[in-house]
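Encoded as structure tokens, the structure appears first; notes follow it.
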Amino acid sequence: MIEVKEVAKTYPGTVALEDVSLRIAAGEVLALAGENGSGKSTLMKTLAGHIRPDAGEISIDGAPVRFQNPNESVAAGIGLVEQELAVARHLSVEENILLGALPRRRYLPGAVAWKQVRKRAREVMDELAIEVDPRATLDELPVNVQQLVAIASVLSRRPKLMLLDEATSSLSEDETDHLLRTVRTLSERGMSVIFISHRMREMRQVADRIVVLRDGRVSGESELSDVSDADVVGMLVGRELSEIYPQNVPARERIVLQVDEVTARNYIQNVSVTVREGEIVGLAGLVGSGRSTLAQTIFGAIRPTAGSIRLEGKTVLFRHPADALAAGIGFVGENRRVQGILPGRTVRENLTACSLGTFSRSGVLSRRAEQDQARQAASEMGVKYTNLEDPIGGLSGGNQQKVLLARSLMRGPKLMVLDEPTRGVDVGAKAEIYQHVVQAAANGMSFLIASSELPELLGLCDTIYVLSQGRVVGRLDGNQATEEQIAALAFHTDDATEVA
Amino acid sequence: MSKLTPQTEFAGPLGLLPTRPRPQSRGQLSLNPKLTLSVVLVLLIVFFTASQPNFLTFDNFLNIARLQAVPLILAVGMTMVVLTGGADLSVGSALALSGVIAGLLYVNGVPAPAVIMLAVLCGILLGLLNGLLIGALGMSFFVVTLGTLAGYRSLALVASDGASIQLGEAPLLLTIGDGSIGILPIPVMLAALVTVFGHLALSGTGWGRKIYAVGSNREAARLAGIRVNRVLVSVYVTSGLLAGLASVIQIGRLTTASPVVGTGIELQVIAAVLLGGTILSGGSGGLGGTVLAVLMLGVLQNGLTLSGTPDFWQGAITGAILIVAVFLDHLQRRRRGLAEN
Numbered sequence: 001m002i003e004v005k006e007v008a009k010t011y012p013g014t015v016a017l018e019d020v021s022l023r024i025a026a027g028e029v030l031a032l033a034g035e036n037g038s039g040k041s042t043l044m045k046t047l048a049g050h051i052r053p054d055a056g057e058i059s060i061d062g063a064p065v066r067f068q069n070p071n072e073s074v075a076a077g078i079g080l081v082e083q084e085l086a087v088a089r090h091l092s093v094e095e096n097i098l099l100g101a102l103p104r105r106r107y108l109p110g111a112v113a114w115k116q117v118r119k120r121a122r123e124v125m126d127e128l129a130i131e132v133d134p135r136a137t138l139d140e141l142p143v144n145v146q147q148l149v150a151i152a153s154v155l156s157r158r159p160k161l162m163l164l165d166e167a168t169s170s171l172s173e174d175e176t177d178h179l180l181r182t183v184r185t186l187s188e189r190g191m192s193v194i195f196i197s198h199r200m201r202e203m204r205q206v207a208d209r210i211v212v213l214r215d216g217r218v219s220g221e222s223e224l225s226d227v228s229d230a231d232v233v234g235m236l237v238g239r240e241l242s243e244i245y246p247q248n249v250p251a252r253e254r255i256v257l258q259v260d261e262v263t264a265r266n267y268i269q270n271v272s273v274t275v276r277e278g279e280i281v282g283l284a285g286l287v288g289s290g291r292s293t294l295a296q297t298i299f300g301a302i303r304p305t306a307g308s309i310r311l312e313g314k315t316v317l318f319r320h321p322a323d324a325l326a327a328g329i330g331f332v333g334e335n336r337r338v339q340g341i342l343p344g345r346t347v348r349e350n351l352t353a354c355s356l357g358t359f360s361r362s363g364v365l366s367r368r369a370e371q372d373q374a375r376q377a378a379s380e381m382g383v384k385y386t387n388l389e390d391p392i393g394g395l396s397g398g399n400q401q402k403v404l405l406a407r408s409l410m411r412g413p414k415l416m417v418l419d420e421p422t423r424g425v426d427v428g429a430k431a432e433i434y435q436h437v438v439q440a441a442a443n444g445m446s447f448l449i450a451s452s453e454l455p456e457l458l459g460l461c462d463t464i465y466v467l468s469q470g471r472v473v474g475r476l477d478g479n480q481a482t483e484e485q486i487a488a489l490a491f492h493t494d495d496a497t498e499v500a
Numbered sequence: 001m002s003k004l005t006p007q008t009e010f011a012g013p014l015g016l017l018p019t020r021p022r023p024q025s026r027g028q029l030s031l032n033p034k035l036t037l038s039v040v041l042v043l044l045i046v047f048f049t050a051s052q053p054n055f056l057t058f059d060n061f062l063n064i065a066r067l068q069a070v071p072l073i074l075a076v077g078m079t080m081v082v083l084t085g086g087a088d089l090s091v092g093s094a095l096a097l098s099g100v101i102a103g104l105l106y107v108n109g110v111p112a113p114a115v116i117m118l119a120v121l122c123g124i125l126l127g128l129l130n131g132l133l134i135g136a137l138g139m140s141f142f143v144v145t146l147g148t149l150a151g152y153r154s155l156a157l158v159a160s161d162g163a164s165i166q167l168g169e170a171p172l173l174l175t176i177g178d179g180s181i182g183i184l185p186i187p188v189m190l191a192a193l194v195t196v197f198g199h200l201a202l203s204g205t206g207w208g209r210k211i212y213a214v215g216s217n218r219e220a221a222r223l224a225g226i227r228v229n230r231v232l233v234s235v236y237v238t239s240g241l242l243a244g245l246a247s248v249i250q251i252g253r254l255t256t257a258s259p260v261v262g263t264g265i266e267l268q269v270i271a272a273v274l275l276g277g278t279i280l281s282g283g284s285g286g287l288g289g290t291v292l293a294v295l296m297l298g299v300l301q302n303g304l305t306l307s308g309t310p311d312f313w314q315g316a317i318t319g320a321i322l323i324v325a326v327f328l329d330h331l332q333r334r335r336r337g338l339a340e341n
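Residue numbers (UniProt numbering), protein chains in the order written: chain A, 1 to 500; chain B, 1 to 341.
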């Protein structure tokens, strides 16, 4: 039995886990649910020794353990399949599966026993029905197979406790079913499992009990058979949606953006989207549906291979994001750390990175003008900071996100393209961001928002386009659409293998 | 979150990292190396003053400054390059090649002012080649500048036939390389001027800001509308330009253009930039630290020479200082939870 007792973890500006306790019996499959930023992954990483908790205790079969690093957790029989795909992309399937534990030849020190590698890898691959050449390089394989290999790698160590952090998000339905059946079988043989997913169906299929996290605390715990889906959603959200989504003003008639039959490499094909003045348009779809690619194509970060984009009636072809910015399009990418933040630079520099031209004369910056603008943009957006000259890293995720929004808004764009605008942002900041979006839209700014959070799209958007496999498969009225409708369209074709 | 939302979310590393303790930025940390350097510099001066009677004299300090003019000018360009996350290994070779070409032009009767401009132009072109390969073609800075490190040196040897070119009477070049106005050596003033301009450019212009942005996060910089390629080209061109300028001082000081001058100087210069607190991956640091580090290395070199330590030891001592300093910086950051995993 594995027990987590009163575990807490705090980051500056955010309480990731507070007083979290749970126990998993041998052979039990526990479903763990929670919204973005509720602390699920932090908890998993704590169990896997990637993170040291500030307080609390983890014990295995009654004996307290204190992992200093991931290896100790692995040695204790805990195996984590991370949310983010963690594979050695240049190694083969079999090497990945047995990574860190490659069998050696007996009489030749250090030499790998390849026959044995193949045999053992084969066994695990069969369990998960992975039907590829074990010698294929991971790079050459689609993401879903890579994901299965990552799972196989953990399974090959025969862990006592397996942690599946959104391991099914990139798998097809068949693959998921097979994985869940395997997990079930192994749990009957005594393996414990913590299973994280956003899909109720999967949780019900595999788990006995559910624990719900909200804002770093356990907000509910139950036998799955005793609760309805609605009950779980209640535990997850803990509030009425109307509380955080402000009332949206109807859009105007004038068309701001007209995307016409745009194709970009293999990622999006013949996509047409219209955005009107003051309209908030949503892009829904699975990972790999082309949402982010479309957003980046409109912003000039990816070049379309066919089709046309018209901005206020004029055909535009952006060769660089700088062109899109100059034309009045703002952008905030889905991955704050990779696409947005300038780490190590100050709040001020992060705020003004897009607008250097507006307070410089022949290249020389006016520090005073820059500070004024930065201060104003930050206060308009409600960024909480102590000093503009502090490094951006000290701000909480929500505040960093606001800095990025403020950065784009500083140029006064006509159209804002937002990709996952509230990813990894706490609930309070989320609500504030929504307020700003709706407020700006009421003043005539147009928005194109790609998001994986359906409640967000339904709560904000006038119009929602649903993408699947790089194509628009539906256009819905945001006031009338339901999650079921969108999901049905998004799953339109089942094989979600590519990733944009 | 709904039961039907078929999506990954990001409570994972991406959601967490921004809130991960990153209390002191690298930007602020660069103050620390500066402080450490100042302390070390003072300690060195005290030590050599106590042990070498000839050390603490005005002439000796002018001598140190004079010798460090060329490395400092190169280090200014190098700081900019390193701030973008690169390095220019070819500066020493560019210094030699520009110098040799200037020398050849001069002995063939080209007037000195034109020679000076052509040397700088030559440096610009050499930097432009690096910059285009790295910025426009997207090649690795290491591969490109390693290639031109070998290539430019070889061209310098070919052009000079492997021999030093004696400039003979070269009053203007000699003045630039070794002259003084009052008590201030002209090369030192030139280096100071370059440093001041460099500092103003880095801290007070849009260009400087873009250099930091590109080094801090290239993709984010691109999405913020910064034309990363152009910034990259510009820093390598600057590095080349300064190598060209330095070559004028170099050949002027000895009125000789040698094809083997500045061999290995790129390492000394990069060491100074890193000692000065500029981070090898870019985005953080500046010229303040670089100047201190160049001075410190100059004082060290001078003190060791005065105390009769064989030249051969200087590399070992410089290297050890570099490794220890960067290690201490790394330790400090890790203690503050800055080093990620």
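Every residue gets a Cβ at the ideal spot worked out from N, C-alpha and C, and that includes glycine.
Open item on the list: Does any residue of chain A have a CB that is nearer than 9 angstroms to the CB of THR205(B)?
Closed with: The residue labelled residue 205(B) in the question sits at position 205 within the second sequence. Yes - at least one Cβ of chain A is within 9 angstroms of the one on THR205(B).
Open item on the list: Cutting at 6 angstroms between CB atoms, please list the residues of its own chain near GLY86(B), excluding the five before and the five after it.
Closed with: Position 86 of the second sequence, counting from 1, holds the residue named residue 86(B). Here the set comprises PHE141.
- [ ] With a threshold of 16 other CB atoms inside 10 Å of the CB of ARG209(B), please say whether the residue is buried or exposed.
- [x] For the purposes of this step, residue 209(B) is identified with residue 209 of the second sequence, where counting begins at 1. The residue is buried, with at least 16 neighbouring Cβ atoms inside 10 Å.
TODO: In the DSSP assignment, find the unbroken alpha helix (DSSP H) run with ILE309(A) in it and report its ends.
DONE: On the first sequence, position 309 is the one that residue 309(A) refers to. Element bounds for ILE309(A): not the alpha helix (DSSP H) but the beta strand (DSSP E), 306–311.
Task: DSSP three-state assignment for GLY77(B), whether helix, strand or coil - done: Taking the second sequence and counting its residues from 1, the one referred to as residue 77(B) is at position 77. Note: GLY77(B) maps to helix in three-state DSSP.
Task: Straight-line Cα distance separating LEU95(B) from LEU133(B) - done: Within the second sequence, residue 133(B) is the residue found at index 133, counting from 1. Within the second sequence, residue 95(B) is the residue found at index 95, counting from 1. Approximately 19 angstroms between the Cα atoms of the pair.
Open item on the list: For THR256(B) and GLY283(B), what's the separation of their Cα atoms in angstroms?
Closed with: Counted from its first residue, the second sequence places residue 256(B) at position 256. Counted from its first residue, the second sequence places residue 283(B) at position 283. Going from the Cα of THR256(B) to the Cα of GLY283(B) covers about 38 angstroms.
- [ ] For GLY135(B), return the contacting residues in chain A, with the cut-off set at a CB-CB distance below 7 angstroms.
- [x] The residue you call residue 135(B) lines up with position 135 of the second sequence. By Cβ distance, chain A contributes nothing, its closest Cβ being about 13 angstroms from GLY135(B), past 7 angstroms.
Task: Cβ-based neighbour list, VAL183(A), same chain, cut-off 7 angstroms, excluding 5 preceding and 5 following - done: As a position in the first sequence, residue 183(A) is number 183, starting the count at 1. Within the same chain, VAL183(A) has close Cβ partners VAL29, VAL193, VAL206.
Open item on the list: Do ILE298(A) and ILE341(A) count as a contact pair if the criterion is CB distance below 9 angstroms?
Closed with: Residue 341(A) sits at position 341 when you count from the first residue of the first sequence. Residue 298(A) sits at position 298 when you count from the first residue of the first sequence. Not a contact, by the Cβ cut-off of 9 angstroms.
Open item on the list: Counting only Cβ pairs nearer than 8 angstroms, list the residues of chain A close to LEU223(B).
Closed with: Working through the second sequence from its first residue, we reach residue 223(B) at position 223. The contacting residues are PHE299, ALA301, PRO321, PHE331, GLY333, GLN339, GLY340.
Task: Cutoff 9 angstroms: GLY344(A) Cβ touching any chain B Cβ - done: What you label residue 344(A) is simply residue 344 of the first sequence in a count that begins at 1. Chain B contact via Cβ: present.
Open item on the list: Checking the sheet assignment: what are the DSSP bridge partners for LEU418(A)?
Closed with: As a first step, residue 418(A) must be located in the first sequence, where it is residue number 418. In DSSP, LEU418(A) forms a bridge with VAL332(A), ILE449(A).
Task: Exposure of ALA359(A), with buried meaning 16 or more beta-carbon neighbours within 10 Å - done: Residue mapping note: residue 359(A) aligns to position 359 of the first sequence, counting from 1. It should be pointed out that residue 359(A) corresponds to Phe in this sequence rather than to Ala. Buried is the call here.
TODO: For SER219(A), I'd like the list of residues in its chain whose CB is within less than 7 angstroms of its CB, leaving aside the five on either flank, ordered along the chain.
DONE: Mapped onto the first sequence, residue 219(A) falls at position 219. Around SER219(A): VAL212, LEU213, MET235, GLY238.
Open item on the list: Measuring straight from C-alpha to C-alpha, what distance separates GLN52(B) and TYR212(B)?
Closed with: Residue mapping note: residue 52(B) aligns to position 52 of the second sequence, counting from 1. Residue mapping note: residue 212(B) aligns to position 212 of the second sequence, counting from 1. Going from the Cα of GLN52(B) to the Cα of TYR212(B) covers about 42 angstroms.
TODO: Find the residues of chain B that neighbour GLU349(A), judging by a C-beta separation of less than 8 angstroms, and give them in chain order.
DONE: On the first sequence, residue 349(A) is found 349 positions in, with the first residue counted as 1. In chain order: ARG209, TYR212, ALA213.
TODO: Sort SER92(A), LEU47(A), ARG105(A), ARG66(A) by Cα distance to ILE78(A) and report the nearest one.
DONE: Counted from its first residue, the first sequence places residue 78(A) at position 78. Comparing Cα-Cα distances from ILE78(A) to each of SER92(A), LEU47(A), ARG105(A), ARG66(A), the minimum goes to LEU47(A).
TODO: Determine whether the Cβ of ILE249(B) lies closer than 9 angstroms to any Cβ atom of chain A.
DONE: As a working mapping, residue 249(B) is identified with position 249 in the second sequence. Not one chain A Cβ lies under 9 angstroms of ILE249(B).
- [ ] Tell me whether GLN83(A) sits in a helix, a strand or coil according to DSSP, three-state version.
- [x] In the first sequence, counting from the first residue as 1, residue 83(A) sits at position 83. Looking at GLN83(A) - three-state DSSP - the assignment turns out to be coil, as it is neither helix nor strand.
TODO: Examine chain A for any beta-carbon lying closer than 9 angstroms to the beta-carbon of ILE321(B), and answer yes or no.
DONE: Counting from 1 along the second sequence, the entry for residue 321(B) is found at position 321. For ILE321(B), the answer is no, since every Cβ of chain A falls outside 9 angstroms of its Cβ.
TODO: Look up ILE486(A) in the DSSP assignment and say whether it is helix, strand or coil.
DONE: By one-based count along the first sequence, residue 486(A) stands at place 486. DSSP places ILE486(A) in helix when its eight states are reduced to three.
Open item on the list: Taking contact to mean 3 or more Cβ pairs, one atom from each stretch, closer than 8 angstroms, check whether the stretch 100–111 of chain B and the stretch 298–316 of chain B are in contact.
Closed with: no
Task: Cutoff 7 angstroms; reference THR305(A); Cβ partners in own chain excluding five residues on either side - done: As a working note, residue 305(A) is residue 305 in the first sequence. Same-chain partners within the cutoff: THR263, ALA264, ARG265.
TODO: Please look up how many angstroms separate the CB atoms of SER289(A) and SER172(A), rounded, as I've assumed it's under 8 angstroms.
DONE: As a first step, residue 289(A) is located in the first sequence; it is residue number 289 there, counting from the start. As a first step, residue 172(A) is located in the first sequence; it is residue number 172 there, counting from the start. Wrong, their Cβ atoms sit about 14 angstroms apart, outside the cutoff.
TODO: Check whether the stretch 38–56 of chain A touches the stretch 65–73 of chain A, taking contact to mean three or more Cβ pairs, one atom from each stretch, closer than 8 angstroms.
DONE: yes
Task: Min CB distance SER140(B) to chain A below 9 angstroms - done: Here residue 140(B) refers to the residue found at position 140 when the second sequence is read from its first residue. Cβ-Cβ to chain A under 9 angstroms: no for SER140(B).
Open item on the list: By alpha-carbon positions, which one of LEU292(B), HIS330(B), GLY286(B), LEU241(B) ends up nearest to GLY123(B)?
Closed with: Locating residue 123(B) in the second sequence gives position 123, where the first residue counts as 1. Among LEU292(B), HIS330(B), GLY286(B), LEU241(B), the Cα nearest to that of GLY123(B) belongs to LEU241(B).
TODO: Counting only the same chain and skipping the five closest in sequence on each side, list residues whose C-beta sits under 8 angstroms from that of ALA114(B).
DONE: Indexing the second sequence from 1 puts residue 114(B) at position 114. LEU105.
TODO: Have a look at LEU395(A), GLY412(A), ARG89(A), SER379(A) and flag the residue whose alpha-carbon is nearest the alpha-carbon of SER355(A).
DONE: Numbered from 1 along the first sequence, position 355 holds the residue referred to as residue 355(A). When only C-alpha atoms are compared, the closest one is GLY412(A).
TODO: Flag this pair as yes or no: are the beta carbons of PHE318(A) and ASP419(A) separated by less than 9 angstroms?
DONE: Numbered from 1 along the first sequence, position 318 holds the residue referred to as residue 318(A). Numbered from 1 along the first sequence, position 419 holds the residue referred to as residue 419(A). Taking 9 angstroms as the Cβ cut-off, PHE318(A) and ASP419(A) do not qualify as a contacting pair.
Open item on the list: Measuring straight from C-alpha to C-alpha, what distance separates GLY15(B) and GLU166(A)?
Closed with: Your numbering for residue 15(B) matches position 15 in the second sequence. Your numbering for residue 166(A) matches position 166 in the first sequence. Only weak support exists for where GLY15(B) lies, its pLDDT of 33 falling under 50; the value from the coordinates is given anyway. The straight-line gap from Cα to Cα measures roughly 14 angstroms.
Open item on the list: Closer than 7 angstroms between beta carbons: that is the criterion. Which residues of the stretch 258–283 of chain B meet it against chain A?
Closed with: GLY283
- [ ] Out of ARG105(A), LEU17(A), TYR245(A), GLU202(A), state which residue places its alpha-carbon closest to the alpha-carbon of GLY39(A).
- [x] Locating residue 39(A) in the first sequence gives position 39, where the first residue counts as 1. Ranking the options by Cα distance to GLY39(A), first place goes to LEU17(A).
Task: Integer-rounded CB distance, given that SER292(A) should sit under 8 angstroms from ALA490(A) - done: The count along the first sequence starts at 1 and reaches residue 490(A) at position 490. The count along the first sequence starts at 1 and reaches residue 292(A) at position 292. About 14 angstroms; that fails the 8 angstroms criterion.
- [ ] Would you mind working out which of GLY303(B), LEU254(B), MET189(B) sits nearest ILE73(B), comparing C-alpha positions?
- [x] Against the second sequence, residue 73(B) aligns to sequence position 73. Closest by alpha carbon: MET189(B).
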